[in-house]
Structure formats: structure tokens, C-alpha cells
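Structure record follows, encoded as C-alpha cells.
Protein chains: 2
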Amino acid sequence: MSDPILATYRIRADAAEAASIARFIAYEQTVELPEALVDDPFLLEHVVGHVLAVEVADDGCFHVRIAFEASLASGQLAQLINLVYGNVSMYPGIRLQALALPPSVLEAFRGPGFGIQGLRDLTGVHGRPLLSTAVKPRGLPVARLAALAADFARGGGDIVKDDQNLVDPDFASFRARVGAIAEAVARVNAATGGRTLYFPHLSARHADLHRYAAFVREAWLRGVLLCPHVLGFDTAREIAQAHGLVHMAHPALSGAMTQAGDNGIEFGLAMGTLLRLAGADISVFVTPGGRFRFSEAQAMRLAQACTEPLGALAPAFPCPAGGMDITKIPHLCGRYGRDAVFLVGGALQAHDPYFARATTAYREAIERCIVGARPT
Amino acid sequence: MSDPILATYRIRADAAEAASIARFIAYEQTVELPEALVDDPFLLEHVVGHVLAVEVADDGCFHVRIAFEASLASGQLAQLINLVYGNVSMYPGIRLQALALPPSVLEAFRGPGFGIQGLRDLTGVHGRPLLSTAVKPRGLPVARLAALAADFARGGGDIVKDDQNLVDPDFASFRARVGAIAEAVARVNAATGGRTLYFPHLSARHADLHRYAAFVREAWLRGVLLCPHVLGFDTAREIAQAHGLVHMAHPALSGAMTQAGDNGIEFGLAMGTLLRLAGADISVFVTPGGRFRFSEAQAMRLAQACTEPLGALAPAFPCPAGGMDITKIPHLCGRYGRDAVFLVGGALQAHDPYFARATTAYREAIERCIVGARPT
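As given, the protein sequences belong to chains A and B, one line each in that order.
According to my numbering, the first sequence is numbered sequentially starting from 1.
According to my numbering, the second sequence is numbered sequentially starting from 1.
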């Protein structure tokens, strides 16, 4: 087997069991037959996974490394996920911890259509993290949502995106709402010379997704917020790619896949590596210390997975979010460096009754942290 | 709030925390703002969730019941999932335990296109569970896969479906493979007068899914195997519905959502209720006592969710699978009754070197268990 997919699983098991669970994974994920039924040399060499290592990990769990023939991914994101974690997801105590993909697999994916550099070119923001906020809450009149987005643009914010709960009952409402917000932001940009981007949340019945995305382009918008864990990773990839839109990935439902320590998929893999394969340009995740419990180490690993080399795929912006306030900006800048998007929602609304002024305060706090940051 | 969506969460928390976590969910899933920022009476009445109850559960956890305005689901499966579990999935110790949907939400969904009765009509099998198997392993020549499917038809099996790892590198290979298997099964049906169904696994890049599904119809096949947890629930729904195909749902990746006791979504909800909204006619799940650890009570709840009343939606077949052998058939018949599909893969291949004879043995074992079962 040359140039295989290397998958590492973290297994909670007795030492006596670990090796047999490793073999179970190698068979279950490929031939899905008991070992005794498989004696064909071709299958044993090219279809059954090869267990390369079973090692004790720091926490008493085992790390199992398995090689899968690259062609078994069939050049598809859905099948890649199936191959490395489909069936064993149902077996308790097996977590997919890491994935190393060979060039032959990576070449099947375009990855982020814009990536960090592309988004810097669109916004004109170089040398510092980007500031983002959410249009919310659902239930406000469209005029108030549009005013909020306009104030964010007026205050010098970079990316204003819909809350993931901003979903419209039909296409006409989507057009009316998104059109109004887009126009409000465009008007401020025209007046100030700013380049604030507005990304509407694209959620519709499957058959309508392309129609909604086409309208986003017609409204001269450059990107969308998508929930790949809800829509399906490859559905989210296709919708953004087919319309040339920036793909800002919201983590809704991701916790179901990542939160359980002994099961599911490691944070950086689920929300960094796999999302880059899904074409995400920005990966939103919850900050440690915010409303959600999430460790600093996990957040760092996730940010690393967004930006580390991955074949020819562009790096994506890690986007910490949730429960941030302005006093944490220096810490966040120190943690994530320049290549991050800071998504501030409720804290920005709470900071100052004048939303434009709150935005400027946050933006200035970001600029102060980054030595030598320049707006060009 | 009339006719709300009622969501029940199981929360692992101290008694002191439980009520505040309940309020956190009600705000986080709707306005996604701190309570102090929301004073608009309309938002408080119609957008913020209403906490109806916080009760101690048997295991020391709390059950929290929250009412959400039905319109917040926007008639979309993706948004319904977002609304009831999107963000709080990332908060440890919150599991979505149950969901009661009002008529106004259920009416937006067609549900299973065939359901139990439709599949009985297609197969001509009444009064007993259906017998199903998987074409596998990947890596065998197409002729051998086709022979396996033909032998299953010859032995009197009801539904032969592709293994979820049977994925082809391109459309031409898919057509060649699926066409060959379809023809082999059709030839046996023509000779025996049988009505064995063959469901290929539909996995392709998103942009190709409709083309693949259209070919399945052109090959005179009546259904497909889909992996909704990988493809996205609403993507799977649309592909099967748009082409009038039976939707057999494979549980690949579902464990990432269901396995962790303190997080994720309850089995019956994820693989019964939500899959029926996604149009699944058959929900495959792993049997307790098979290769996967899964309790009898969980399996029973899942089977119940497949068949219990759910607005005007048809019931779906629960389909226990994985590590079954013929000695367990009486137990399975006792457990699931007539309205089930028994999916037997490796055990059927291991039972007898003559696959047709193995199939007949399993079918007869099923018929023996069900008193008064008749083939019409």
C-alpha cells in the first residue's frame, strides 16, 4: 500500500483489548466482514486497513494508527468520512484523533476558495485580525437588522454575518431581508470608502439552496454563512463553490460530533481539516472561557488545523466566537496572532448603546494589540 | 405561544445550575443574546424559548422542557435541527432527549415516500419481517458482487443493498457496477417470479447526486441506500424524494451524534423521528448484542420512534443489523414483531458456502417465528 490515508484513533480499552479493537476497525471500515471470511490476497493487501501501531497514550488510552488505501476515499468527502469513521462511530470508546491525507486524496479537493489571503484582499485588511459580528436577534424588524449591520460598517467592522437562526419562511422574505441588509451596508461603504462584507445565512430546503445562493451573488454579496454540520459537509462545499462565494462555516451541531472525549471526532480535525476540504474560508468556533467549556489546548489545535499545510489547499481563518468582551482582545491577539477573525455578538451589543461606536472601540482594541498593524 | 415545538433536554448539572442552564438554552437557541439585552415584549413572547419544566430525572440528571414557537423552524429540516440543538450541542452535558412537533411543523414534511406499507406492496411480503443483506466487500470484481446479489434473490431474500463502502471512482463505474447487479437480480426475479429489490448505495460528489439517482431509476431500481448522517439529513431527503426512490438510511457516522450519554441526540430521535422527517423508509441500526454495544432499551425506543404516530407521516421500518446470526432470529422476531427488516451481512455469508441456501435458511427461520405468516 503506497501513499495511504493514515488515521489515528484514540481508544479507551484494556491493554488486552486494544490490539483486537484495532483489527476490528481495520476490517469494519473496509470489508465489513469478520476476519475469518476474508482470505483473498488482493482484499487483504488493498482493501482491509493495515494496523501500523497500537501505542499507549498519556491518559491510559491507546492510540491506534491504521493505513487505508487512498483509492477507498473515491475522491469524495462523504466517502472519506465514511471510510475513516462511518461505522466505528457507533462503537463506544473510539475517537478519530488525527488524519494524514496523501496527495492523491488532497488533489481531489479545491479547498477554501478564498482562504486567508483572499479574504484580506476582499476586505483590504492586512496585518491584524478581522472583526466580525452577527445580525441578530431573529424577530427584529428587517429595518432594525439592517440598521445594525449598517452601524457595524460605519464603525469600521470587517464582516457582518447573519445569526444562524436568521432563517426566512420563504424565498421572497429571504430576498427582501437580505436585499435590505446588503443595501444598508453598501450605502455605508459607499459613503465611508469602507469595504465591510455582509454574509447572509444560507439555509433553505435542499432544492432551493442554489436559488438562494444565486440571489446572494445577484445582490453583489461575496459570501455566505453556512452550517456544514447540519447541511452536510459536501453540500456546504458545493453551494459555496458553485457560486464563487466565501464560505464562513458556523459550528451549529458540531458539538454533537466533537464534545464527547471518548467518542466522535477531534475538534481540529472536524472543524479545521475536514472543513477546509469542505471549502470553508472561515471556521467559527467557541472560545475557551466564553459561554461554552472548551480548553485552550483544543482551541489552539483547531486554529492550527485551519492554517497548517494541507497539500495545496489554502489556509482558512480560525474564528473564535462566543462570550468575548473587549478586555479579552489582547489575550485573543496573543493567542491567535494576526490570522484570525474575532466574532463578537452579544458583547458588542452590550458594550455601548451606539453600535457603531462599540464596533470602533473593538476595532481599535484589535489594532492596538498588533504592533505595526496597518489598515492597508 | 400556541402549538409550540416541545424539546426535552437531559442535563448533567448540579441542582443549583439546572434552572440557569435551562434559561441559557432558551436564549442561546433563539436570540443568542444575554437575557439583559432582551426586553422587547415580542421577542420575549415569540422568539425566546419558554422554559416549561426543570425536573430531576431518575439518574440524578435533570430533564428540562422548553417550548419554541413553531414558526422558528421555518418549515426546514436544517433549521429545525439548528433551532433545537445547533449551539447547545457545543455545551457539555446537554443531550437532546425528546421532541414533540406540532402539526404546523409536521405538515412541512412529506416523510417516508413508501413507508412500511409501500415496501410491503413493492416486495409482496406481508405478515413477517423482511430479510435484507449487503453486497460486499468492496474490492471484489463486479461479477462476484452481482453473483452474490443474484444468489440472495434466488434464495428468496427481500432487499439486497450495497455495502456503504461500495463507492465507485466515477459515474461510468457506478453505471457499470450497479447496472450489472441490477440485471443479475432482475434475471433471477424473472426466472423465479420473485420480487427481490436491489438498492445501490448512492454516494457521489454533491453536484453528481441527482445524476446518479436518475440512473438508478433508469435501471428500473426502486430505492437507494443513503448515509444521511454523512450527506446531511435534508440532502438525503431531497435525493430520494425527487426521484421517487425508497430511502434506506444507513447509520454511518450516527454514533458521533448518539453514543455519548451526556451529549448529542437520543437514538430514537436521531434515527427514528428525524430520519422520518428526512423521508427514510428504512432505518438501519446496530443490534444490541452484535458487534456494537447498544442497549435493548435504546433499540426498542428507536424502533418505536420509527413506527409511532407522527402527524400524517408514514411509519418506517426499523432495521436491526450487525453481527446477527440465525440463532437470534426468534429473539429478533419476538422483539421487533412483523414490522422490521433484518439486515444480515457477514453472518449470512458465514452461514453456508452456498449463499442462496443460506438466504433460504434465514428466510425460513423468519417465517417459522411468525405464526400465521403468509407470503402474500
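Where is the CB? At the ideal position from N, CA and C, for every residue including glycine.
Cβ-based neighbour list, residue i, same chain, cut-off 8 Å, excluding 5 preceding and 5 following
i	result
T359/A	L131, T133, D151, F152, R154, G155, G156, G157 and L348
N87/A	E28, Q29 and E32
H351/A	D325, I326, A358, A361 and Y362
Q97/B	T8, Y9, R10, H63, E266 and L269
D208/B	F171
V84/B	I5, A7, Q29, F68, L96 and L99
D3/B	A70, P102, P103 and S104
Rounded C-alpha distance that separates residue i from residue j
i	j	result
A67/B	N82/B	15 Å
A260/B	S254/A	14 Å
R12/B	R95/B	9 Å
A164/A	N189/B	The amino acid at residue 164/A is misidentified as Ala; the sequence shows Gln. The straight-line gap from Cα to Cα measures roughly 50 Å.
K136/B	V185/A	55 Å
L145/A	G93/B	33 Å
A182/B	H229/A	34 Å
A219/B	R175/B	9 Å
I25/B	E45/B	16 Å
D170/A	A365/B	52 Å
A256/A	L72/A	26 Å
A58/A	H247/A	Reading off the sequence shown, one finds Asp at residue 58/A, where the question assumed Ala. In a straight line, the C-alpha of D58/A is about 37 Å away from that of H247/A.
E17/B	L6/B	21 Å
Y198/B	L77/A	25 Å
M271/B	R110/B	17 Å
L302/B	A312/A	44 Å
L274/B	A36/B	34 Å
M1/B	E69/B	6 Å
A15/A	D40/A	30 Å
V54/A	G60/A	12 Å
I239/B	P102/B	26 Å
C227/B	R237/B	10 Å
Bridge partners - residue i, DSSP secondary structure assignment
i	result
M248/A	L225/A and I282/A
D162/A	V135/A
T235/B	None; T235/B has no bridge partner.
L130/B	V341/B
L6/B	A67/B and A100/B
H201/A	L225/A
L310/B	A312/B
R95/B	R10/B and G264/B
F62/B	I11/B and V56/B
Close Cβ partners of residue i (< 6 Å) along its chain, the five nearest in sequence each way excluded
i	result
A356/A	D151, R154 and G155
I21/A	I11 and A13
A373/A	Low per-residue confidence applies at A373/A: pLDDT is 48, beneath 50, and the placement is therefore not dependable enough to give any value.
A204/B	Y212
A299/B	P288
L225/A	K161, D162, F199, H201, M248 and H250
Delimiting residues of the beta strand (DSSP E) encompassing residue i
i	result
V56/A	H50 to V56
P103/B	Note, P103/B: premise wrong, no beta strand (DSSP E); alpha helix (DSSP H) at P103 to L106.
H351/B	That residue, H351/B, is in no beta strand (DSSP E); its alpha helix (DSSP H) goes G346 to H351.
For residue i, the first and last residue of its enclosing alpha helix (DSSP H)
i	result
H46/A	P41 to H46
Q259/B	Run containing Q259/B: none; DSSP gives neither H nor E here.
A321/A	Run containing A321/A: none in the alpha helix (DSSP H); it sits in the beta strand (DSSP E), F317 to A321.
H206/A	Here H206/A belongs to no alpha helix (DSSP H), and DSSP marks it neither H nor E.
C333/A	I329 to Y336
T196/A	Per DSSP, T196/A belongs to no alpha helix (DSSP H) and is neither H nor E.
Y85/B	Y85/B -> no alpha helix (DSSP H), and no H or E assigned at all.
D121/A	G115 to T123
L145/B	V142 to R154
Y362/B	F355 to C369
R110/B	Where R110/B is concerned, there is no enclosing alpha helix (DSSP H), given that its DSSP letter is neither H nor E.
Rounded distance between the beta-carbons of residue j and residue i, thought under 8 Å
i	j	result
H63/A	R10/A	6 Å
D262/B	F114/B	D262/B to F114/B, Cβ: 36 Å. No contact.
H126/B	D234/A	That belief does not hold up - the Cβ atoms of H126/B and D234/A are roughly 39 Å apart, past 8 Å.
F285/B	I116/B	About 16 Å; that fails the 8 Å criterion.
L269/B	A305/B	7 Å
Chain-order list of residues whose beta-carbon lies under 7 Å from that of residue i (same chain, five-residue window excluded)
i	result
V56/B	F62
P129/B	C333, Y336, R338, A340, V341, F342 and I366
P398/B	Limits of chain B in this structure are 1 at one end and 376 at the other, which puts residue 398/B out of reach.
S295/B	P288
L231/B	none
Closer than 8 Å to chain D by CB, residue i
i	result
Q79/A	In the displayed structure, chain D is absent; the protein chains listed are A and B.
The ligand FMN heavy atom lying under 7 Å from the CB of residue i
i	result
D39/A	Among the components of this structure there are no ligands whatsoever, and the ligand FMN is therefore not found.
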